[in-house]
Amino acid sequence: MGVFTYESENTSVIPPARLFKAFVLDADNLIPKVAPQSIKSTETLEGDGGPGTIKKITFGEGSQFKYVKHRIDEVDHANFSYGYSVIEGDVVSGIIEKISYEIKIVASPDGGSLLKSTSKYHTKGNHEIKEEEVKAGKEKAAGLFKAVEAYLLAHPDAYN
Numbered sequence: 024m025g026v027f028t029y030e031s032e033n034t035s036v037i038p039p040a041r042l043f044k045a046f047v048l049d050a051d052n053l054i055p056k057v058a059p060q061s062i063k064s065t066e067t068l069e070g071d072g073g074p075g076t077i078k079k080i081t082f083g084e085g086s087q088f089k090y091v092k093h094r095i096d097e098v099d100h101a102n103f104s105y106g107y108s109v110i111e112g113d114v115v116s117g118i119i120e121k122i123s124y125e126i127k128i129v130a131s132p133d134g135g136s137l138l139k140s141t142s143k144y145h146t147k148g149n150h151e152i153k154e155e156e157v158k159a160g161k162e163k164a165a166g167l168f169k170a171v172e173a174y175l176l177a178h179p180d181a182y183n
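In this note's numbering, the protein residues as written are 24 to 183.
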């Protein structure tokens, strides 16, 4: 099995605590509302939202994928970090065993946030994942992030 790691960063004018509440803790409710074309619904299959919780995310009509199941690996409210793994679905193909994500939101000098994301693709056998193959997913994730940010800017009293 190989592990291929990709990192990305996004900036926001929203402070870390507020962004974490919206983008991570309430993502199941907020993202289908602000980006229904991307995420149709999220359903908790087992667990209480903490580590070990299994969720099924159903993608919107225009997506090339139907659904994924992910397992929450870590939720750190104090440090605004979150980890989860995609463990089932049509994103996980014949060559990918699972995809693990780590998200950390830190304060930026201007009072906003820097969202740091690490994606680890665990492949079956000695298959390799090339950056161009994950580019579309990274662009969709950045789009969801910007949709949440736009919602927070338009609703200054939400998630305080």
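Just so you know, even glycine gets a beta-carbon here, dropped at the ideal spot from N, CA and C.
The structure presented is a predicted model; accordingly, all values stated were derived computationally and were not measured.
For I54, the enclosing alpha helix (DSSP H) covers residues A50 to V57.
Just so you know, the alpha carbons of M24 and T141 end up roughly 19 Å apart.
Less than 7 Å separates the beta-carbon of I128 from that of L42.
For N102, same chain residues with a beta-carbon under 8 Å away, outside a window of 5 residues either side, are K127 in chain order. Taking C-beta atoms as the reference points, V36 and G166 fail to come closer than 7 Å. In this structure, DSSP gives E151 a state outside helix and strand, which the three-state scheme calls coil. Cβ-Cβ distances below 7 Å link I62 to I54, P55, I80, F82 and G83 in the same chain, with the five nearest sequence neighbours on each side left out; the list follows chain order. Boundaries of the alpha helix (DSSP H) around F43: P39 to F43. With at least 16 other beta carbons inside 10 angstroms of its own, V115 counts as buried. Note: N33 is bridge-paired with L138 in the DSSP secondary-structure output. In this structure, I122 and K143 form a Cβ contact; the two beta carbons are roughly 7 Å apart against a cut-off of 8 Å. Where A130 is concerned, the enclosing beta strand (DSSP E) starts and stops at I119 to A130.
With respect to the 7 Å criterion, P39 and A130 are classified as neighbours on the basis of their beta carbons. As a beta-bridge residue in DSSP terms, D99 pairs with S104. For T81, the enclosing beta strand (DSSP E) covers residues I77 to F82.
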